[in-house]
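In my numbering, the protein residues as written are 1032 to 1175. Worksheet: one structure, shown below.
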Ligand SMILES: [Fe+2]
Ligand SMILES: [Fe+2]
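Set out below in structure tokens:
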């Protein structure tokens, strides 16, 4: 594990966030049925959190001397409110799993990152906590 590999993983995270924001904003436009307005409003709020996560990933990448990616991961289309909520719930879980992997890789280069480790660790942990919050909110919406 090297600092370069860590930067590459953080850029994959940034690309996931780009896709998540676009996906939530798209899905917010197509939810239908009862509670459509409140669900759309919540999806837009979550998109705002994903935008904040993009900034946090860019901050980490830049601190480590990398160049933040301008690419986007592949999004997941969905039709109908229930499928939209399920697809995004899975994506939140997948993002959480991937970010836990980045945290493990970060541990492997901790001694190399004497002046950067806590900065990156705190931001990754904050992002993971918010993805877990998103997942729990999506579960509540699914149960309605
Ligand atoms: Fe996110
Ligand atoms: Fe999220």
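Note that beta-carbon positions come from the ideal geometry of N, C-alpha and C, so glycine has one too.
In the structure shown, what three-state DSSP assignment does residue i receive?
{"i": "residue 1126", "result": "helix"}
{"i": "residue 1133", "result": "helix"}
{"i": "residue 1040", "result": "helix"}
{"i": "residue 1034", "result": "helix"}
{"i": "residue 1098", "result": "coil"}
{"i": "residue 1163", "result": "helix"}
{"i": "residue 1114", "result": "helix"}
{"i": "residue 1145", "result": "coil"}
{"i": "residue 1151", "result": "helix"}
{"i": "residue 1105", "result": "coil"}
{"i": "residue 1065", "result": "coil"}
{"i": "residue 1175", "result": "coil"}
By alpha-carbon positions, which one of the options ends up nearest to residue i?
{"i": "residue 1121", "options": "1039, 1162 and 1037", "result": "1162"}
{"i": "residue 1157", "options": "1114, 1064, 1109 and 1127", "result": "1127"}
{"i": "residue 1155", "options": "1137, 1035 and 1082", "result": "1137"}
**Message:** Closer than 7 Å between the C-beta and any heavy atom of ligand 1: which residues qualify, listed along the chain?
**Reply:** 1048, 1051, 1080, 1081, 1084, 1126, 1158, 1161 and 1162
**Message:** Below 8 Å, how does it come out for the region 1057 to 1075 and the region 1143 to 1158: are there three or more Cβ pairs, yes or no?
**Reply:** no
**Request:** Mind the definition here: the region 1043 to 1058 touches the region 1073 to 1088 only if three or more C-beta pairs lie below 8 Å; say whether that holds.
**Result:** yes
**Item:** Cβ pair count under 8 Å reaching 3, the region 1133 to 1143 against the region 1096 to 1104
**Value:** no
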